[in-house]
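Asks: Pasting in a structure now, in structure tokens, and then I'll have a few things to ask.
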């Protein structure tokens with residue numbers, strides 16, 4: 001069985017060194033653009049080339065992150081970045097944007113693609129979709145349990161990467177709009193303001209959105225046994241000492257089977273939030289997973305600790321085994337042939353020849369000892385053969401010269417070139433010529449007065465048979481809204497959808513790639529939701545190519561960007577509703593030691609300014625709804641000219657009744673506080 005890969009974060013070249021010298025098998029890093037950690041130092045292309053050379057010599061891979069959503073105006077520059085990164089001989093590209101990924105695969109089929117955790121893949125179907133698209137690896141959502149990871153590993157041939165240490169966002173990665181909605185800084189664009197670390201109150205807790213850091217390093221051997229390819233450490237924003245500590249803990253666990261007390265203590269002291277949690281992997285969710293950074297966590301990270309950790313990686317880690325054969329014959333120049341198992345290097349010292357020793361002949365032991373002095377390099381000799389004529393010698397300085405030369409040539413051999421062939425694709429940005437006046441809705445609670453005001457209404461998959469029949473009699477057309485949090489229940493959802501299909505329902509609203517895959521397999525008309533994060537023409541074209549019926553564009557692009565999108569597929573936008581700002585697997589209410597029986601799925605949360613956020617629970621995941629509704633109903637005809645509209649009815653109060661909306665012809669009370677979202681102000 002192949003050993004699990006230790007994958008380390010690198011926000012700077014110093015972090016690369018600390019990771020490699022501590023035992024990492026691969027590093028991931030961002031460029032100065034299109035990285036989900038825009039605040040990190042990140043790498044220029046010159047620094048990237050230096051990094052790939054350094055790492056490849058030492059048997060370490062380099063993965064570049066371009067894991068953000070991309071706008072149309074950026075697509076050409078983003079593709080040019082990939083082209084330049086390929087010229088630097090990267091080993092793989094980590095991406096979030098589905099359309100951009102599709103273009104990259106067509107432009108450079110030999111480049112390995114890794115699906116970022118920002119793609120929110122947490123089911124077998126999601127992994128299968130990426131496999132079909134040519135991805136080599138998927139970085140799974142952090143919220144998955146051991147059993148859920150194993151199920152994917154057992155049923156699809158794609159590499160799986162799992163976060164084993166570092167910060168936990170409260171929200172499923174790729175599904176957070178909190179920072180963008182409140183402050184214009186999008187986590188999907190690399191500008192997250194860490195809104196979740198601010199005080200949010202539920203009864204019994206003042207930090208209801210802050211989790212402890214994840215640490216499942218102790219389960220490394222277990223993950224290896226169930227088929228996980230790579231153990232990923234979070235932390236491109238953190239110090240090199242943090243990187244070294246986390247890598248060392250992983251390396252000890254993998255190589256020795258245990259983590260020393262000193263190593264674990266260093267890891268805790270260098271950064272934690274009241275300790276660590278393994279709650280998601282072990283499927284023990286609840287209060288114990290919550291924590292925030294307190295004074296004692298900060299003061300434990302002393303300069304003395306950092307100096308101690310720096311000392312641990314001041315020297316090269318000799319990690320590349322070599323085999324050598326030294327030959328010395330009388331009246332011939334000495335030669336040293338060395339191989340790393342792939343490359344062969346032969347060095348000769350032409351300025352000397354083997355000659356009869358006046359005093360002491362060169363012994364095999366002495367030659368082997370001299371060639372084994374590889375300190376300060378990443379190499380060590382696992383075996384050296386020596387073939388020396390009897391009574392012959394050469395100066396020891398000649399042996400040292402040969403050793404230095406052979407290792408230098410080996411460096412150049414190992415700094416290989418992938419010779420990627422990159423064809424810059426053409427993009428047709430011609431705006432779609434559509435005039436659509438359809439009105440749709442998604443409802444979470446069925447009301448007796450639902451009528452024919454909408455062309456299509458999506459109802460929850462949990463709808464009762466009685467309510468379903470009621471809605472079918474009163475509505476023009478209905479579809480099923482598939483939950484975007486599919487954790488551990490994909491098979492049950494597929495079974496339920498088959499029943500709906502047999503009952504004559506042919507439309508589904510899908511907000512997760514896994515749902516897109518299995519709904520297409522089941523023969524539904526697949527309507528792509530806004531949480532697929534479609535922000536550019538490339539993603540519109542992907543949806544068209546993949547066979548979606550129509551799409552809702554992302555809530556994170558402006559009216560100008562929406563109207564300029566190319567492609568022919570029918571598309572729409574969300575025009576009204578309490579927008580979910582987070583999708584969470586651990587319920588904020590549980591931070592206050594409450595349970596589902598107490599909450600009864602009607603939780604509330606309050607921020608430091610006393611704004612109240614409703615918590616919508618479907619029994620598996622929780623959505624944190626914005627404190628005020630989105631409302632651009634009066635702007636539709638003025639600002640958006642090619643789109644159908646979708647209203648979201650999520651919460652139960654007087655202004656959130658479908659029949660009220662219909663009776664008032666879409667007009668809301670002027671006294672209702674609302675937001676126009678990001679459609680007009682935009683985001684970073």
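In full-length UniProt numbering, the protein residues as written are 1 to 684.
C-beta atoms are modelled at their ideal positions from N, C-alpha and C, and glycine is treated no differently.
In whole angstroms, give me the CA-to-CA distance for residue 111 and residue 424.
Replies: Rounded to the nearest angstrom, the two C-alpha atoms are 14 Å apart.
Asks: Contact defined as beta carbons within less than 8 Å: I believe residue 584 pairs with residue 624. What is the distance between those atoms, to the nearest angstrom?
Replies: Rounded, the Cβ-Cβ distance is 7 Å, consistent with contact.
Asks: Check the C-beta distance from residue 129 over to residue 513 and give it rounded, since I have them as a contact under 8 Å.
Replies: Right, their Cβ atoms sit about 5 Å apart.
Asks: Closest by CA to residue 194, which one among 461, 24, 560 and 170?
Replies: Looking at the Cα atoms, 170 is the closest of the given residues.
Asks: For residue 238, count neighbouring Cβ atoms within 10 angstroms of its own Cβ and tell me buried if that reaches 16, exposed if not.
Replies: By the 10 Å Cβ count, residue 238 comes out buried.
Asks: Given a threshold of 16 other Cβ atoms within 10 Å of its Cβ, counted over all protein chains shown, does residue 5 qualify as buried or as exposed?
Replies: By the 10 Å Cβ count, residue 5 comes out buried.
Asks: Nearest-angstrom Cα distance between residue 278 and residue 208?
Replies: Roughly 18 Å between the two C-alpha positions.
Asks: If the criterion is Cβ atoms closer than 8 Å, does the pair residue 533 and residue 69 meet it?
Replies: Closer than 8 Å, so yes.
Asks: Alpha carbon to alpha carbon, what distance is there between residue 471 and residue 446?
Replies: Between residue 446 and residue 471, the C-alpha separation is close to 8 Å.
Asks: Assign residue 410 to one of three DSSP states: helix, strand, or coil.
Replies: DSSP places residue 410 in helix when its eight states are reduced to three.
Asks: Buried or exposed: which applies to residue 109, given that a residue is buried once 16 or more other Cβ atoms fall within 10 Å of its Cβ?
Replies: It counts as exposed.
Asks: Could you tell me which residues DSSP pairs with residue 348 in its beta bridges?
Replies: DSSP output for residue 348 lists 335 as bridge partner(s).
Asks: Assuming the contact rule is C-beta atoms closer than 8 Å, residue 348 and residue 322 should be a hit. Round their C-beta distance to whole Å, please.
Replies: No, residue 348 and residue 322 are not in contact; Cβ-Cβ is about 17 Å, not under 8 Å.
Asks: Pairing CB atoms from the stretch 427–435 with CB atoms from the stretch 559–570, are three or more of them under 8 Å?
Replies: Taking 8 Å as the limit for Cβ pairs, the verdict is that the stretch 559–570 does touch the stretch 427–435.
Asks: Between the alpha carbons of residue 360 and residue 390, how many angstroms are there, rounded?
Replies: C-alpha separation (whole angstroms): 11 Å.
Asks: Residue 71: which of 65, 79 and 11 sits nearest, CA to CA?
Replies: The shortest Cα separation from residue 71 among 65, 79 and 11 belongs to 79.
Asks: Using the Cβ count rule (16 or more neighbours within 10 Å means buried), how would you classify residue 137?
Replies: That one is buried.
Asks: Excluding the 5 residues flanking residue 82 on each side, which residues of the same chain have their C-beta closer than 6 Å to its C-beta?
Replies: Here the set comprises 104.
Asks: Quick check: what's the CA-CA separation for residue 362 versus residue 395?
Replies: Near 9 Å, if we compare the C-alpha coordinates of residue 395 and residue 362.
Asks: If residue 233 sits next to residue 244, beta carbons under 8 Å apart, how far is it from one beta carbon to the other, in whole angstroms?
Replies: Contact flag wrong, Cβ pair sits at about 11 Å.
Asks: DSSP three-state label for residue 558, please.
Replies: Note: residue 558 maps to coil in three-state DSSP.
Asks: According to DSSP, what are the bridge partners of residue 356?
Replies: Note: residue 356 sits in a beta bridge opposite 392.
Asks: Run through DSSP, which three-state label would residue 617 get?
Replies: Three-state result, residue 617: strand.
Asks: Under 8 Å by Cβ, that's how I've got residue 67 and residue 94 pegged, so tell me the actual separation to the nearest angstrom.
Replies: Sure, about 5 Å apart at Cβ, within 8 Å.
Asks: Count the other CB atoms, across all protein chains shown, that sit within 10 Å of the CB of residue 679; report buried if there are 16 or more and exposed otherwise.
Replies: So residue 679 counts as buried.
Asks: Just the C-alpha distance for residue 330 and residue 392, rounded to the nearest angstrom, thanks.
Replies: So the alpha carbons of these two residues sit roughly 6 Å apart.
Asks: The beta strand (DSSP E) spanning residue 137 covers which residue range?
Replies: Segment 137–139, the beta strand (DSSP E) holding residue 137.
Asks: With respect to the alpha helix (DSSP H) encompassing residue 56, which residues constitute its N-terminal and C-terminal limits?
Replies: It spans 45–57 - the alpha helix (DSSP H) in which residue 56 sits, taken as one unbroken run.
Asks: Touching or not, the stretch 300–315 and the stretch 19–33, by the rule of three or more beta carbon pairs under 8 Å?
Replies: Contact between the stretch 300–315 and the stretch 19–33 is present, because at least three Cβ pairs lie under 8 Å.
Asks: Would you list the residues sitting across from residue 566 in a DSSP beta bridge?
Replies: In the DSSP output, where bridge partners are listed per residue, residue 566 has 431.
Asks: Quick one: measure Cβ to Cβ for residue 556 and residue 636, integer angstroms, because I've assumed they're closer than 8 Å.
Replies: Between residue 636 and residue 556 the Cβ distance is about 18 Å, and since that is not below 8 Å, they are no contact.
Asks: Identify, in the order they occur along the chain, each residue of the same chain with its Cβ nearer than 6 Å to the Cβ of residue 226, setting aside the five sequence neighbours on each side.
Replies: Contacts found: 150 and 153.
Asks: Please state if the CB of residue 332 and the CB of residue 353 are separated by a distance shorter than 8 Å.
Replies: Cβ distance < 8 Å, so residue 353 and residue 332 count as in contact.
Asks: When you compare the CB positions of residue 689 and residue 119, do they come within less than 8 Å of one another, or not?
Replies: Coverage of the chain is limited to positions 1 through 684, which leaves residue 689 absent and any answer about it impossible.
Asks: Inspect the CB distances between the stretch 286–296 and the stretch 206–221 and report whether three or more fall short of 8 Å.
Replies: Contact holds: three or more Cβ-Cβ distances are below 8 Å.
Asks: Which stretch, first to last residue, makes up the beta strand (DSSP E) that contains residue 645?
Replies: Per DSSP, residue 645 belongs to the beta strand (DSSP E) from 644–649.
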